[in-house]
Amino acid sequence: MNPTNLVQSVDWLAIAPPTLTAVVALAVLVADLFLPERHKQLLGWTAIAGLVASIALLVPLRAGNRSTFCLTTEPAATAACSYTVDRFTLVIQLLVFGGALLTALLSLADTREKLPAGEYWFLLLSSAAGAALLPASRDLATLVVALEVASLPAFALVGMRRGDRKSSEAALKFFLSSVTATAVTLLGVSFVYAATGTLHLTELAQALDGVPGQLETLAGAGVALTLVGFAFKTAAVPFHFWVPDTYVGAPLPVAGYLSVVGKAVGFTGLILVTVVAFPSYADIWGPALAVLAALTMTVGNVAALRQVSTRAWSAVRLLAWSSVAQAGYLLVPIAAAAYSSDDQIGATVAYALMYAVVNLGAFAVAALVARTHPENRIADYRGLYAASPLLALTMGFFLLNLAGLPPGIIGLFAKVTVFSAAVDAGLGWLAVIMGVNVVIGLYYYLRWTALLFREPVGERPHARVPAPITLAVGLAAVVGVVLSGYPQFVLRFAADTLF
Numbered sequence: 023m024n025p026t027n028l029v030q031s032v033d034w035l036a037i038a039p040p041t042l043t044a045v046v047a048l049a050v051l052v053a054d055l056f057l058p059e060r061h062k063q064l065l066g067w068t069a070i071a072g073l074v075a076s077i078a079l080l081v082p083l084r085a086g087n088r089s090t091f092c093l094t095t096e097p098a099a100t101a102a103c104s105y106t107v108d109r110f111t112l113v114i115q116l117l118v119f120g121g122a123l124l125t126a127l128l129s130l131a132d133t134r135e136k137l138p139a140g141e142y143w144f145l146l147l148s149s150a151a152g153a154a155l156l157p158a159s160r161d162l163a164t165l166v167v168a169l170e171v172a173s174l175p176a177f178a179l180v181g182m183r184r185g186d187r188k189s190s191e192a193a194l195k196f197f198l199s200s201v202t203a204t205a206v207t208l209l210g211v212s213f214v215y216a217a218t219g220t221l222h223l224t225e226l227a228q229a230l231d232g233v234p235g236q237l238e239t240l241a242g243a244g245v246a247l248t249l250v251g252f253a254f255k256t257a258a259v260p261f262h263f264w265v266p267d268t269y270v271g272a273p274l275p276v277a278g279y280l281s282v283v284g285k286a287v288g289f290t291g292l293i294l295v296t297v298v299a300f301p302s303y304a305d306i307w308g309p310a311l312a313v314l315a316a317l318t319m320t321v322g323n324v325a326a327l328r329q330v331s332t333r334a335w336s337a338v339r340l341l342a343w344s345s346v347a348q349a350g351y352l353l354v355p356i357a358a359a360a361y362s363s364d365d366q367i368g369a370t371v372a373y374a375l376m377y378a379v380v381n382l383g384a385f386a387v388a389a390l391v392a393r394t395h396p397e398n399r400i401a402d403y404r405g406l407y408a409a410s411p412l413l414a415l416t417m418g419f420f421l422l423n424l425a426g427l428p429p430g431i432i433g434l435f436a437k438v439t440v441f442s443a444a445v446d447a448g449l450g451w452l453a454v455i456m457g458v459n460v461v462i463g464l465y466y467y468l469r470w471t472a473l474l475f476r477e478p479v480g481e482r483p484h485a486r487v488p489a490p491i492t493l494a495v496g497l498a499a500v501v502g503v504v505l506s507g508y509p510q511f512v513l514r515f516a517a518d519t520l521f
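Just so we're aligned, residue 23 is where the sequence shown starts under my numbering, counting upward by one.
This is how it looks when you write it as C-alpha cells:
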C-alpha cells in the first residue's frame with residue numbers, strides 16, 4: 023500500500039469534548055504556578071466550568087454518527103476510523119463528564135483544606151479526558167492509550183493524601199494491579215495484531231473470521247489475554263483484590279470517581295473488544311464472562327454482607343464490595359450478547375447510568391458524614407435522621423436504589439433489564455444466581471437504611487456543611503428522583519446505543 027495514499031481526516035467538533043477537558047487540565051496546571059494560595063479555589067471552579075463546557079459540547083453531536091482519523095483508501099461508508107462518535111460514545115461520555123463533575127463538587131472542600139489544588143485538578147481532568155476518549159476509540163492502539171490516560175492520573179489521585187500511610191499503600195496496590203493488567207492487555211493486543219495485521223476493530227472482526235490455521239492459536243491466546251486485562255480494570259473476580267483497600271485509602275471523592283468512572287472505562291473497553299472486535303470468538307468470551315459475572319456478584323455481595331458496622335471505614339468497605347457486586351450485574355448483558363444479539367448491551371449501559379447517579383450520591387453523603395466521623399463506620403450513620411432528616415432520607419433513597427427497591431424505581435428497572443437480558447439469552451442459571459445475589463444485597467442495604475432511622479446513641483456532633491458537597495448530593499438526588507419517576511427515559515436512551 024502506498025503510504026502517500028493514507029490521509030487522515032480530522033473532525034474537530036467530534037473530538038472537542040475530551041480535547042477541551044485536556045486543555046483545561048493543562049491550563050489549571052500552569053495557572054497553579056502563578057496563583058497565590060488565597061486564590062487556589064479558582065482552579066476548582068475553572069475545572070468545574072471546563073467539565074460543564076465539555077458536557078455542553080456533546081449537544082451538537084447528538085444528531086448522528088461522526089468519524090474522524092479515518093483512512094481514505096476505502097469508501098467513506100467502510101473506511102476504518104480510529105475515532106467514532108455514535109450514541110454509545112455520547113452516553114458513556116455523558117456518564118464520564120457527569121461523574122467527574124460530581125466528583126469535582128465533592129472535592130472543592132478537600133482541595134481547600136487537605137489536598138494540593140493544582141495537582142489534584144490537573145490529575146482529575148486528565149483522567150476524565152482519557153475516560154471520555156475511550157468509548158470513541160475504534161482501534162486497539164487508541165483504546166489502550168485512552169485506558170492508560172484514564173488510569174495513570176488515578177494512581178496519583180489515590181495517593182494524594184501526603185503523609186498518610188494508608189493512602190500510599192492503596193496507591194501502590196492500585197498501581198501494581200493496573201500495571202499488571204496493562205501488560206497482559208498489551209501482550210494480548212500484540213498477539214491479535216500479529217495474527218491479523220490490523221488494529222481497527224471493524225477490520226479485526228472480519229480478519230479473525232479468516233485467520234490461517236497456523237495462527238489460530240496465537241489469535242485465540244491474544245483474545246483471551248486482552249479479556250483478562252480488561253477484567254482487571256472492571257474489578258471482576260478474581261481480579262478484584264485491589265478494590266477495598268484502594269477505596270479506603272483514597273480520598274472519598276476519588277473513591278466515588280473510581281467506583282463510577284473507573285468502572286465505566288473498564289466496561290466500555292470490554293464491550294468494544296468483545297462485541298465489536300471479537301464477535302467470532304463469542305463462543306469463548308461469552309461463557310467466560312458469564313462465569314465471571316456469577317463469581318463477581320457472589321463474592322462482592324458475600325463480602326459486603328460480612329462487614330462489621332463498628333469497624334473503622336466499614337461504610338467505605340461496604341460500598342467498595344458493593345461496587346464489586348454491581349460489576350457482576352454489569353457483566354451479565356455483555357455475556358448475554360454472545361448468545362443472542364448486540365441489543366443486550368443497552369442493558370449494561372442503562373444499569374451503568376443508574377449506578378453512576380446513586381453510587382456517587384452515596385459517596386457524597388459519606389463525604390458529609392466523614393466531616394464529623396472521620397473513621398466512617400456504618401454505626402456512625404445511626405440516628406442520622408434525628409440530626410439531619412433530609413440527608414438521611416437522601417441516603418436511604420440511594421441505598422434503596424442500589425438494592426433495587428421502591429421508591430428507587432430506576433434501580434428496580436435496571437435490575438429487571440439485566441435479569442431479562444440473561445433470560446432472553448438462555449442463561450437461566452445466571453439469572454437464578456443473580457436473583458439469589460439480589461436477595462443477599464437487600465439484606466445489607468436494608469440493614470444500613472434501617473440504621474439511619476434508629477434512635478441515636480449520644481449526641482451527634484455538628485460541622486459546617488460545605489455548599490459544593492450539598493450541591494453534589496442534591497444533584498444526584500434530583501437526577502435519581504427524576505429517573506425513578508420516568509425510568510423509560512434512561513432505558514429507551516440506553517437501548518439506542520447500538521453500534
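A virtual CB, placed ideally from N, CA and C, is assigned to each residue, including glycine. Everything numeric in this text was worked out from a predicted model, so none of it was measured.
Check: Counting along the chain, where does the beta strand (DSSP E) carrying residue 105 start and finish?
Finding: Numbered from its first residue, the sequence shown carries residue 105 at position 83. Looking at the DSSP string, the run of the beta strand (DSSP E) that includes residue 105 is 103 to 107.
Checklist line | Rounded straight-line distance, which links the Cα of residue 122 to that of residue 68 | finding: Within the sequence shown, the letter at position 46 stands for residue 68. Within the sequence shown, the letter at position 100 stands for residue 122. Those two C-alpha atoms are separated by around 13 angstroms.
Next item on the list: Give every residue of the same chain whose Cβ lies closer than 7 angstroms to the Cβ of residue 103, excluding the five residues on either side of it in the sequence, and list them in chain order.
Entry: Position 81 of the sequence shown, counting from 1, holds the residue named residue 103. Cβ neighbours of residue 103 beyond the five flanking positions: 89, 90, 91, 92 and 160.
Check: According to DSSP, is residue 98 helix, strand or coil?
Finding: Mapped onto the sequence shown, residue 98 falls at position 76. Because the pLDDT of residue 98 is 46, which lies under 50, any placement of that residue in the model is unreliable, and the number read from its coordinates should be weighed accordingly. Reduced to three states, the DSSP call for residue 98 is coil.
Item checked: Option nearest residue 185 by Cα separation, candidates 165, 36, 331 and 137 -> Stepping through the sequence shown from its first residue, residue 185 is reached at position 163. That would be 137, whose Cα lies nearest to the Cα of residue 185.
Notebook entry, point to check: What does residue 88 pair with, by DSSP beta-bridge criteria?
Noted result: The sequence position of residue 88 within the sequence shown is 66, counting from 1. For residue 88, which the question treats as bridged, DSSP gives the partners 107.
Item checked: Neighbourhood of residue 279 by C-beta, 6 angstroms cutoff - its chain only, sequence neighbours within 5 removed -> Taking the sequence shown and counting its residues from 1, one reaches residue 279 at position 257. Result list for residue 279: 125, in chain order.
Notebook entry, point to check: Does the region 429 to 443 come close enough to the region 381 to 399 to have 3 or more Cβ pairs within less than 8 angstroms?
Noted result: no
Next item on the list: On a CA-only basis, which of 425, 34 and 393 is nearest residue 486? Give me that one, please.
Entry: Taking the sequence shown and counting its residues from 1, the one referred to as residue 486 is at position 464. Of the candidates 425, 34 and 393, the one whose C-alpha sits nearest the C-alpha of residue 486 is 393.
Checklist line | Nearest candidate by alpha-carbon position, reference residue 193, set 177, 199, 200 and 336 | finding: Walking along the sequence shown from the start, residue 193 turns up at place 171. Residue 193 has its Cα closest to that of 177, out of 177, 199, 200 and 336.
Checklist line | Cβ-Cβ separation, residue 54 to residue 42 (assumed contact under 8 angstroms), whole Å | finding: As a working note, residue 42 is residue 20 in the sequence shown. As a working note, residue 54 is residue 32 in the sequence shown. At roughly 19 angstroms, the Cβ-Cβ gap does not stay under 8 angstroms, so residue 42 and residue 54 are not in contact.
Check: What is the rounded straight-line gap between the Cα of residue 318 and the Cα of residue 80?
Finding: Here residue 318 refers to the residue found at position 296 when the sequence shown is read from its first residue. Here residue 80 refers to the residue found at position 58 when the sequence shown is read from its first residue. Taking the straight line joining both Cα atoms gives about 33 angstroms.
Note to self: Quick check: residue 180 and residue 268, are their CB atoms within less than 9 angstroms of each other?
What the structure shows: What you label residue 180 is simply residue 158 of the sequence shown in a count that begins at 1. What you label residue 268 is simply residue 246 of the sequence shown in a count that begins at 1. Yes, these two residues count as a Cβ contact at 9 angstroms.
Note to self: Please classify residue 256 as buried or exposed, where buried requires at least 16 neighbouring CB atoms within 10 angstroms.
What the structure shows: Numbered from 1 along the sequence shown, position 234 holds the residue referred to as residue 256. Classification of residue 256: buried, given that the 10 Å Cβ count is 16 or more.
Check: At which residues does the alpha helix (DSSP H) containing residue 281 begin and terminate?
Finding: Here residue 281 is taken as the residue at index 259 of the sequence shown, counted from 1. Taken as a continuous stretch (DSSP letters only), residue 281 belongs to no alpha helix (DSSP H), as it is neither H nor E.
Notebook entry, point to check: For residue 151, which residues of its own chain have a beta-carbon under 7 angstroms away from its beta-carbon, when the five flanking residues on both sides are left out?
Noted result: In the sequence shown, the residue the question calls residue 151 occupies position 129. Once the five neighbours on either side are set aside, the close Cβ partners of residue 151 are 40, 43, 44, 47 and 171.
Next item on the list: Under 6 angstroms Cβ to Cβ from residue 119, same chain only, skipping five residues before and after it: list those, please.
Entry: Along the sequence shown, read from residue 1 onward, the residue named residue 119 stands at position 97. Contacts found: 73, 76 and 77.
Margin query: Comparing C-alpha positions only, which one of 296, 223, 206 and 35 sits nearest to residue 84?
Written below: On the sequence shown, residue 84 is found 62 positions in, with the first residue counted as 1. Nearest of 296, 223, 206 and 35 to residue 84, Cα basis: 35.
Checklist line | Close Cβ partners of residue 310 (< 6 angstroms) along its chain, the five nearest in sequence each way excluded | finding: Your numbering for residue 310 matches position 288 in the sequence shown. If we look at residue 310 and ignore the five residues flanking it on each side, it has no Cβ neighbours.
Item checked: residue 373 vs residue 439 beta-carbon contact at 9 angstroms -> Counted from its first residue, the sequence shown places residue 373 at position 351. Counted from its first residue, the sequence shown places residue 439 at position 417. Their beta carbons are under 9 angstroms apart, which means residue 373 touches residue 439 by this criterion.
Check: Going by the beta-carbon positions, is the gap between residue 425 and residue 463 smaller than 9 angstroms?
Finding: Residue numbering aside, residue 425 sits at position 403 when the sequence shown is read from its first letter. Residue numbering aside, residue 463 sits at position 441 when the sequence shown is read from its first letter. Going by C-beta atoms, residue 425 is nearer than 9 angstroms to residue 463.
Next item on the list: Would you grab the beta carbon distance between residue 1 and residue 288 for me? Rounded to a whole angstrom, and I think it's under 8 angstroms.
Entry: Outside the modelled stretch of the chain, which goes from 23 to 521, sits residue 1, for which no answer is possible.
Item checked: Same chain, Cβ closer than 6 angstroms to residue 175, neighbours up to 5 away in sequence not counted -> If you number the sequence shown from 1, residue 175 lands on position 153. Taken in chain order, the residues that qualify are 145, 148 and 149.
Checklist line | Selection from 409, 109 and 366 that minimises the alpha carbon distance to residue 442 | finding: Position 420 of the sequence shown holds residue 442. Of the listed residues, the one whose Cα sits closest to residue 442 is 366.
Next item on the list: Decide yes or no for the touch test of the region 221 to 229 against the region 270 to 278: beta carbon pairs closer than 8 angstroms, at least 3 of them.
Entry: no
Check: Any idea which residues DSSP pairs residue 222 with across the strands?
Finding: Counting from one through the sequence shown, the residue named residue 222 turns up at place 200. In the DSSP output, where bridge partners are listed per residue, residue 222 has 161.
Next item on the list: Using alpha carbons as the reference points, say which of 199, 237 and 299 lies closest to residue 254.
Entry: Along the sequence shown, one-based indexing puts residue 254 at 232. Selected option, being the one with the closest Cα: 199.
Note to self: Going by DSSP, what residue range makes up the alpha helix (DSSP H) through residue 266?
What the structure shows: Taking the sequence shown and counting its residues from 1, the one referred to as residue 266 is at position 244. Taken as a continuous stretch (DSSP letters only), the alpha helix (DSSP H) holding residue 266 covers 265 to 271.
Notebook entry, point to check: Does the separation of the CB atoms of residue 359 and residue 296 fall below 9 angstroms?
Noted result: One-based indexing of the sequence shown puts residue 359 at position 337. One-based indexing of the sequence shown puts residue 296 at position 274. Yes.
Check: Can residue 291 and residue 357 be called in contact, C-beta distance under 9 angstroms?
Finding: Within the sequence shown, numbered from 1, the residue matching residue 291 stands at position 269. Within the sequence shown, numbered from 1, the residue matching residue 357 stands at position 335. Against a cut-off of 9 angstroms, the Cβ pair of residue 357 and residue 291 comes out as no contact.
Notebook entry, point to check: With residue 241 and residue 217 assumed to form a contact (beta carbons below 8 angstroms), what rounded beta-carbon distance in angstroms separates them?
Noted result: Translated into the one-based positions of the sequence shown, residue 241 becomes position 219. Translated into the one-based positions of the sequence shown, residue 217 becomes position 195. About 4 angstroms; that satisfies the 8 angstroms criterion.
Check: What separation, rounded to the nearest whole angstrom, lies between the Cα atoms of residue 187 and residue 270?
Finding: Stepping through the sequence shown from its first residue, residue 187 is reached at position 165. Stepping through the sequence shown from its first residue, residue 270 is reached at position 248. Rounded to whole angstroms, residue 187 to residue 270 spans 12 angstroms at the Cα level.
Note to self: Measuring only the C-alpha atoms, how far is residue 395 from residue 116?
What the structure shows: For this step, residue 395 is matched to residue 373 along the sequence shown. For this step, residue 116 is matched to residue 94 along the sequence shown. The alpha-carbon atoms of residue 395 and residue 116 are separated by roughly 33 angstroms.
Notebook entry, point to check: Expressed to the nearest angstrom, what Euclidean distance is found between the alpha-carbon atoms of residue 350 and residue 422?
Noted result: The count along the sequence shown starts at 1 and reaches residue 350 at position 328. The count along the sequence shown starts at 1 and reaches residue 422 at position 400. Cα to Cα, residue 350 sits roughly 18 angstroms from residue 422.
Check: Considering only the beta carbon of each residue, do residue 420 and residue 380 sit closer than 9 angstroms?
Finding: The residue you call residue 420 lines up with position 398 of the sequence shown. The residue you call residue 380 lines up with position 358 of the sequence shown. Yes.
Next item on the list: Tell me residue 434's beta-bridge partners as DSSP assigns them.
Entry: Position 412 of the sequence shown holds residue 434. DSSP, once it has assigned bridges, lists no residue as partnering residue 434.
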